[in-house]
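Take 30 as the starting number for the sequence shown in our numbering and just add one per residue.
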Amino acid sequence: FVVTVTAVNSAPTITAIPNKSIISDTNSGPLSFTIGDVETAAAGLTLTASSSAPAVVQATNIVFGGSDANRTVTVTPTPGSSGIADLTLTVSDGAASASTTFRVTVSAPAGQLSVSKSGSGTVSPDLSSTVMVVGQSYTVTATPAAGYTFAGWSGGVVSSSATITFTMTANLTLQANFVP
30 FVVTVTAVNS
40 APTITAIPNK
50 SIISDTNSGP
60 LSFTIGDVET
70 AAAGLTLTAS
80 SSAPAVVQAT
90 NIVFGGSDAN
100 RTVTVTPTPG
110 SSGIADLTLT
120 VSDGAASAST
130 TFRVTVSAPA
140 GQLSVSKSGS
150 GTVSPDLSST
160 VMVVGQSYTV
170 TATPAAGYTF
180 AGWSGGVVSS
190 SATITFTMTA
200 NLTLQANFVP
């Protein structure tokens with residue numbers, strides 16, 4: 030009788046990566062994961078990446094680091110983007126593969142708005158407790174108190190109009206100027 034032994038190739042392994050939130054125009058920093066295979070040394074395994082939303086994260090902006098079994102991935106969103114991308118990392122030994130998918134949520138950076146007043150009057154709406162999104166437009170109106178007139182805006186926006194629409198930048202300062 031004849032015994033035939035057939036080699037079996039076990040698929041490699043890759044550990045899960047938790048979902049990650051990233052501010053636009055920054056990166057994730059290195060996210061750790063581990064790869065392995067029964068038949069192939071970790072240094073001989075191949076890693077590839079794909080993105081469900083290239084407008085948010087391009088596959089070329091998914092960069093691997095580390096060595097042997099201990100690996101990292103750094104994700105850099107497409108500049109100026111925001112949204113959600115499901116990223117799939119695949120490890121292959123040339124014959125079999127395994128994948129893990131995690132979600133990256135990219136949000137626009139928040140900005141700090143400082144509104145001050147010179148003289149007596151109000152600025153509405155009061156945006157002091159609002160999360161300001163860089164790149165988004167906002168409108169405010171200066172209203173003088175009794176006995177005062179509005180003299181104009183100074184700071185990050187210069188205008189003589191009481192109502193202004195501005196595009197938020199990282200650290201924007203506005204001053205409403207009122208004179209008696």
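Virtual Cβ for every residue (Gly too), placed ideally from N, Cα, C.
Isoleucine 193 versus alanine 137 - alpha carbon distance = When only Cα atoms are considered, isoleucine 193 and alanine 137 end up about 22 Å apart.
ask   = How long is the line joining the alpha carbons of valine 152 and serine 189, rounded to whole angstroms?
value = If you take the alpha carbons of valine 152 and serine 189, they lie about 14 Å apart.
inquiry  = By alpha-carbon positions, which one of Ala36, Thr89, Asn99 and Ser53 ends up nearest to glutamate 68?
reply    = Checking every option, the nearest Cα to that of glutamate 68 belongs to Ala36.
query = Taking the alpha carbon of serine 96 as the point to measure from, which residue in Asn200, Thr63 and Ser81 has its own alpha carbon closest?
reply = Thr63 is the residue among Asn200, Thr63 and Ser81 whose C-alpha sits nearest the C-alpha of serine 96.
ask   = Between threonine 107 and asparagine 56, is the Cβ-Cβ spacing less than 8 Å?
value = Cβ distance not < 8 Å, so threonine 107 and asparagine 56 don't count as in contact.
message = Can you tell me whether proline 47 is buried or exposed? The criterion is at least 16 other CB atoms within 10 Å of its CB, across all chains shown.
response = Around the beta carbon of proline 47, fewer than 16 other beta carbons sit within 10 angstroms, so the residue counts as exposed.
message = For a test of the three-state rule: what should DSSP assign to alanine 191, helix, strand or coil?
response = In this structure, alanine 191 counts as coil in the three-state DSSP scheme.
task = Under 8 Å Cβ to Cβ from glycine 123, same chain only, skipping five residues before and after it: list those, please.
result = These residues qualify, in order along the chain: Thr69 and Thr75.
ask   = With 16 other CB atoms within 10 Å as the buried threshold, where does glycine 150 fall?
value = Buried, since its Cβ has 16 or more Cβ neighbours within 10 Å.
query = Going straight from the alpha carbon of threonine 117 to that of threonine 129, what length do you get?
reply = Across the structure, threonine 117 and threonine 129 are spaced so that their CA atoms are roughly 6 Å apart.
task = Determine the DSSP secondary structure at threonine 69, reduced to helix, strand or coil.
result = Looking at threonine 69 - three-state DSSP - the assignment turns out to be coil, as it is neither helix nor strand.
query = Nearest CA to the CA of proline 83: which residue from Ala45, Ile113 and Val160?
reply = For proline 83, the closest C-alpha among the options Ala45, Ile113 and Val160 is that of Ile113.
Closest Cα partner of glycine 185 within the set Ser50, Thr196, Ala78 and Ser147 = The candidate whose alpha carbon is nearest that of glycine 185 is Thr196.
query = Is threonine 107 helix, strand or coil when you go by DSSP?
reply = Reduced to three states, the DSSP call for threonine 107 is coil.
ask   = Relative to the alpha-carbon of alanine 127, which residue among Thr33, Ile43, Phe30 and Pro59 has its alpha-carbon at the smallest distance?
value = Nearest neighbour of alanine 127 by Cα position, chosen from Thr33, Ile43, Phe30 and Pro59, turns out to be Ile43.
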